[in-house]
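Novice: Please find one structure pasted underneath; my questions will follow.
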Amino acid sequence: MDIVVTGSAGFIGCEVALQLLARGDRVIGIDSVNDYYDPGLKRARLERLRPHAGYRHHEFCITDGAALARVFRDCAPQRVIHLAAQAGVRYSLQNPGAYLASNLVGFGHVLECCRNHNVEHLIYASSSSVYGANTKQPFAETDNVDHPLSLYAATKKSNELMAHAYSHLFGLPSTGLRFFTVYGPWGRPDMAYFKFVQKILADEVIEVYNFGHHRRDFTYIDDIVKGVILACDHVAKPNPDWRADCPDPASSSAPYRIYNIGNHTPVDLLRFIGLLEENLGKTARKQWLPMQAGDVPDTFADVDALMRDVGYRPDTPIEEGVRRFVAWYRQYYRL
293 MDIVVTGSAG FIGCEVALQL LARGDRVIGI DSVNDYYDPG LKRARLERLR PHAGYRHHEF
353 CITDGAALAR VFRDCAPQRV IHLAAQAGVR YSLQNPGAYL ASNLVGFGHV LECCRNHNVE
413 HLIYASSSSV YGANTKQPFA ETDNVDHPLS LYAATKKSNE LMAHAYSHLF GLPSTGLRFF
473 TVYGPWGRPD MAYFKFVQKI LADEVIEVYN FGHHRRDFTY IDDIVKGVIL ACDHVAKPNP
533 DWRADCPDPA SSSAPYRIYN IGNHTPVDLL RFIGLLEENL GKTARKQWLP MQAGDVPDTF
593 ADVDALMRDV GYRPDTPIEE GVRRFVAWYR QYYRL
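Using my numbering, read the sequence shown as starting at 293 and increasing by one per residue.
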């Protein structure tokens with residue numbers, strides 16, 4: 293198939309593109325390679341894609357609706373995996389305009405292109421952050437998510453609403469995936485675990501928020517990629533049992549689905565830091581701090597629906613995932 297992958301220079305986007313190419317799909321990558329974090333790392337990811345004959349790259353921001361429409365017109369993709377977005381909870385407090393532009397306007401352009409070019413299936417990135425003020429664990433797709441704690445989370449919930457409107461009005465099959473704390477080689481430098489390694493190796497103090505009383509459903513990149521591709525191949529369909537008088541938030545009478553994609557095994561933050569210390573052979577110097585604005589104490593994904601519908605099975609132990617990440621970090625940064 294011809295598959296558009298937006299955010300192809302990103303952490304998840306690059307790995308998804310590589311796996312699609314490995315199985316014989318043609319990938320049309322779109323990425324602005326902006327400077328939200330090190331563009332050099334993004335360029336290095338793209339270098340892994342360029343040797344593949346089935347890969348074509350386009351460098352622009354999805355807020356450029358005309359450029360996006362030209363790509364769709366020229367390549368006529370069957371599927372779209374939309375992973376481009378302005379990421380990060382904390383940064384949304386500093387630069388909200390970036391989130392409104394990329395996550396709302398940009399996503400609107402993606403939806404219009406899918407509608408106008410008869411795309412068979414749109415898969416797009418949502419986030420575990422949509423659960424916001426919820427305290428019921430584990431988080432399930434049937435939970436109410438009307439209380440976001442950050443603008444980033446609000447834009448991701450908005451994406452789900454926008455996608456439903458297009459699924460209902462135009463019959464566009466859409467599947468939203470709520471990612472839970474993705475980690476691993478080639479990861480994002482703005483993520484806490486990445487910063488921890490950098491600072492531990494430099495003998496700098498790491499900032500541990502909520503006094504270390506966090507749990508996260510850390511999910512290894514390979515497991516995420518398998519889930520994304522399985523979801524891509526499983527085209528969303530209407531739920532025949534959906535009832536308007538008792539609506540299921542995760543499905544619809546339209547071809548629309550929402551899934552959690554996580555490891556279903558929360559890990560204490562201090563346990564995760566301990567594994568980093570073990571693999572680095574160094575003890576972290578820690579500064580204990582209160583909860584950050586926009587953050588949540590714990591995340592825990594109920595992934596039963598994705599397991600049932602597409603055969604998703606996360607199987608990378610946290611010990612192995614951390615070992616691989618540290619090994620890659622040392623090799624990439626020559627440390």
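The beta carbon of each residue, even a glycine, is placed where N, CA and C say it ideally should be.
In chain order, what residues of the same chain have a beta carbon less than 6 angstroms from the beta carbon of V517, not counting five sequence neighbours either side?
Specialist: Counted from its first residue, the sequence shown places residue 517 at position 225. The residues are E307, V308 and Q311.
Novice: Which class does S421 belong to by DSSP, given the choice of helix, strand or coil?
Specialist: Numbered from its first residue, the sequence shown carries residue 421 at position 129. Reduced to three states, the DSSP call for S421 is helix.
Novice: Is it true that the CB of N326 sits closer than 7 angstroms to the CB of F399?
Specialist: Stepping through the sequence shown from its first residue, residue 399 is reached at position 107. Stepping through the sequence shown from its first residue, residue 326 is reached at position 34. No; because the gap between Cβ atoms is not below 7 angstroms, this pair is not in contact.
Novice: Classify R508: buried if its beta carbon has 16 or more other beta carbons within 10 angstroms, exposed otherwise.
Specialist: Reading the sequence shown from its first residue, position 216 is the one you call residue 508. Classification of R508: buried, given that the 10 Å Cβ count is 16 or more.
Novice: Could you give the C-beta distance for E611 and L567, rounded to a whole number, given that I count them as a contact under 8 angstroms?
Specialist: Residue numbering aside, residue 611 sits at position 319 when the sequence shown is read from its first letter. Residue numbering aside, residue 567 sits at position 275 when the sequence shown is read from its first letter. That belief holds up - the Cβ atoms of E611 and L567 are roughly 6 angstroms apart, short of 8 angstroms.
Novice: Out of A377, C406 and R382, which has the shortest C-alpha to C-alpha gap to A393?
Specialist: For the purposes of this step, residue 393 is taken as the residue at position 101 of the sequence shown. If we check each option's Cα against that of A393, A377 comes out closest.
Novice: Given a cut-off of 7 angstroms, decide if G476 and I521 are closer than it, judged by their beta-carbon atoms.
Specialist: The residue given as residue 521 occupies position 229 in the sequence shown. The residue given as residue 476 occupies position 184 in the sequence shown. Contact flag unset, no.
Novice: Say whether the stretch 354-365 touches the stretch 330-341, bearing in mind that this needs 3 or more beta-carbon pairs closer than 8 angstroms, one atom from each stretch.
Specialist: no
Novice: Looking at the structure shown, is A345 part of a helix, part of a strand, or coil, going by DSSP?
Specialist: Your numbering for residue 345 matches position 53 in the sequence shown. Of the three classes helix, strand and coil, the one that applies to A345 here is coil, per DSSP.
Novice: Look at Y551 and H456 and say whether their C-beta atoms are less than 7 angstroms apart.
Specialist: Locating residue 551 in the sequence shown gives position 259, where the first residue counts as 1. Locating residue 456 in the sequence shown gives position 164, where the first residue counts as 1. No, the pair does not count as a contact, with Cβ atoms beyond the cut-off.
Novice: Take I492 and list the residues in its own chain whose beta-carbon comes closer than 6 angstroms to its own, dropping the five residues that flank it on each side.
Specialist: Translated into positions along the sequence shown, residue 492 becomes position 200. Closer than 6 angstroms at the Cβ level, and outside the excluded window around I492, lie L572, K574 and A576.
Novice: Would DSSP call N552 helix, strand or coil?
Specialist: Position 260 of the sequence shown, counted from the start, is the residue given in the question as residue 552. Strand, per DSSP.
Novice: Verify whether the separation of the beta carbon atoms of C353 and S324 is less than 7 angstroms.
Specialist: Against the sequence shown, residue 353 aligns to sequence position 61. Against the sequence shown, residue 324 aligns to sequence position 32. Contact: yes.
Novice: Nearest-angstrom Cα distance between A542 and T434?
Specialist: Residue 542 sits at position 250 when you count from the first residue of the sequence shown. Residue 434 sits at position 142 when you count from the first residue of the sequence shown. Put simply, the backbone Cα of A542 is about 6 angstroms away from that of T434.
Novice: Just verifying my parser: in three-state terms, what is the DSSP assignment at L627?
Specialist: Taking the sequence shown and counting its residues from 1, the one referred to as residue 627 is at position 335. For L627, the three-state secondary structure derived from DSSP is coil.
Novice: Can you list, in chain order, the residues of its chain with a C-beta nearer than 7 angstroms to that of M281? Leave out the 5 residues immediately preceding and following it.
Specialist: Residue 281 falls outside the range modelled here, since the chain spans only 293 to 627, and no answer is possible.
Novice: May I have the straight-line CA-CA distance separating Q449 from L360, to the nearest angstrom?
Specialist: For the purposes of this step, residue 449 is identified with residue 157 of the sequence shown, where counting begins at 1. For the purposes of this step, residue 360 is identified with residue 68 of the sequence shown, where counting begins at 1. One point to set straight first is that residue 449 is Lys, not Gln, in the sequence displayed. Taking the straight line from one Cα to the other gives about 23 angstroms.
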